[in-house]
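Numbering (the working numbering), first residue to last: 2 to 495.
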């Protein structure tokens, strides 16, 4: 991929060079410090950086270590046609910490230049940056406080103040004083919140490339092509479409654990044991087969497991089965601790496992339409992350606590889609999903859907007030996003 950077981006280190697993390299951190020692070292480094006037560097970790190190992470699902570059960049600005490409057919991708040009595009700035509190840096009281805030016991504005900074590339958030009513409980709560704020670290989001394949060599060939441009590769074992089943990919693999095992091992052999290889599955009507698939994939070396709580025969209108997801999580935990994850070293070693291993993290998928549902799904299933597909299509800002798509997100997506060359028909469909809840009359929706060009769509958005400027939650003029991105020229990397 050839990328022309504007001067304002050229000085930034956006390469993500600290990710692990490239070329099979595994970096050990040596002596394991206690949690208190790690906290002291980290705070001392931050204080020294502040004295020196240096900006805090974002930590870069692969998805399985992000999920292991930081609580409450959100994931954008792979969506055929829809989870492309402009949309991934948009949701990453609204607390979607891990994003995923659409499902790519590994055979065509590894053999065909046209397929590669069409199916995979990225750039240095599509990932977001966030300020998160690591699991190990939280005291029990802080964990309880964070859980209370996450559960929505306070309003959306309060939750956004307390849980996270606006997901912008660049600046740290400016936090005001927390109001309190003067009671001892409120003062203690405010003090605990301030301690949490001081423990936040700057973290770079992760990008996953999903492939569909029916043999290990083809999958490894495709994975090798993108390995240096993404943070993980994912094997699709859940696509329920008839054509996919006929081609022996997607949900066909749900009852073929030995093939899944061979594919995971092939990618690990090609890219190195420490490279993040994820597997995305659906539950089976016979949960014994789900148990067998999960155990086989994890014992083969899978780094991360995503579980969709429906069978391959159930449509999206069927309620998601959270109990089945929890069953799969329990099966994953029963596989025991992993011991070969490795660590990125450097500043990231304070938050990664350092090679000591841990349970393979799991992500829950299905019917996540709001931030509260994401929190509930994680709590009820024991997963480390929550994944959304249709919910994000309708509201790309749902993980940031918005009940419907904010106008600034509509304007931002339009700018990105136009600047980055998204097909106008696809941009139109994205915008139709985002605006659906805002149409007050059926005739307005019909009119918008009838618009035939990007120019007419933009004119409509301007007339309705969506394009008057982007502000509020996302500041598009920050370095690394917004106007500077319009200086990028994106072409195929092959």
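Note that the Cβ used here is the ideal one computed from N, Cα and C, for glycine as well.
Between the beta-carbon of residue 224 and that of residue 234 there is about 4 Å, and that keeps the pair under the 8 Å contact cut.
Within the region 234-279, the complete alpha helix (DSSP H) segments at least 4 residues long are 243-247 and 258-272, listed from N- to C-terminus.
In its chain, beyond the 5 residues on either side, 284 and 310 have a beta carbon closer than 6 Å to the beta carbon of residue 325. If you check the CB distance, residue 372 and residue 400 come in under 7 Å. Residue 362 places its beta carbon less than 7 Å from that of residue 305.
Closest by C-alpha distance to residue 293, out of 335, 322 and 313, is 335. Taken atom to atom, the span from the alpha-carbon of residue 367 to that of residue 62 is near 25 Å. The DSSP-derived three-state label of residue 137 is helix.
In this structure, residue 67 lies near residue 207, with their beta-carbon atoms less than 7 Å apart.
Under the three-state reduction of DSSP, residue 454 is assigned to coil, being neither helix nor strand. In this structure, residue 365 and residue 333 do not form a Cβ contact; the two beta carbons are roughly 12 Å apart against a cut-off of 8 Å. Assignment of residue 429 by DSSP, reduced to helix, strand and coil, places it in the helix class. A direct Cα-to-Cα measurement between residue 405 and residue 374 gives close to 14 Å. In this structure, DSSP gives residue 211 an extended state, which the three-state scheme calls strand. Here the alpha carbons of residue 469 and residue 258 stand approximately 53 Å from one another. Looking only at 265, 109 and 75, the smallest Cα-Cα distance to residue 133 is reached by 75.
When the beta-carbon positions are compared, residue 102 and residue 93 stay at least 7 Å from each other. Between residue 281 and residue 237, the C-beta gap is smaller than 7 Å, which places the two residues in contact. Nearest C-alpha to residue 105 among 217, 212 and 445: 212. Contact between residue 250 and residue 214 holds: their C-beta atoms lie close to 6 Å from each other, under 8 Å. C-alpha of residue 81 to C-alpha of residue 240: approximately 10 Å in a straight line. The Cβ neighbour count for residue 217, taken over all protein chains shown within 10 Å, is at least 16; the residue is labelled buried. Under the DSSP assignment, residue 98 falls outside any alpha helix (DSSP H); it carries neither an H nor an E label.
In this structure, DSSP gives residue 300 a helical state, which the three-state scheme calls helix. Scanning 210, 194, 454 and 360 for the CA closest to the CA of residue 279 turns up 210. When DSSP states are grouped into helix, strand and coil, residue 415 belongs to the helix group. Comparing alpha carbon positions, the residue from 369, 383 and 409 closest to residue 393 is 369. The continuous beta strand (DSSP E) containing residue 307 extends over residues 305-309. If you check the CB distance, residue 221 and residue 267 come in under 7 Å. As far as DSSP is concerned, residue 218 takes part in no beta bridge. Within a 10 Å sphere around the beta-carbon of residue 64 sit 16 or more other beta-carbons, which makes this residue buried. Cβ atoms of residue 78 and residue 130 stay farther apart than 8 Å, at about 21 Å. Within 10 angstroms of the beta-carbon of residue 286 lie fewer than 16 other beta-carbons, which makes it exposed. Secondary structure of residue 89 (DSSP, three-state): helix. For the 7 Å CB-CB criterion, residue 201 and residue 252 do not form a contact. In the three-state scheme derived from DSSP, where H, G and I count as helix and E and B as strand, residue 130 is classed as strand.
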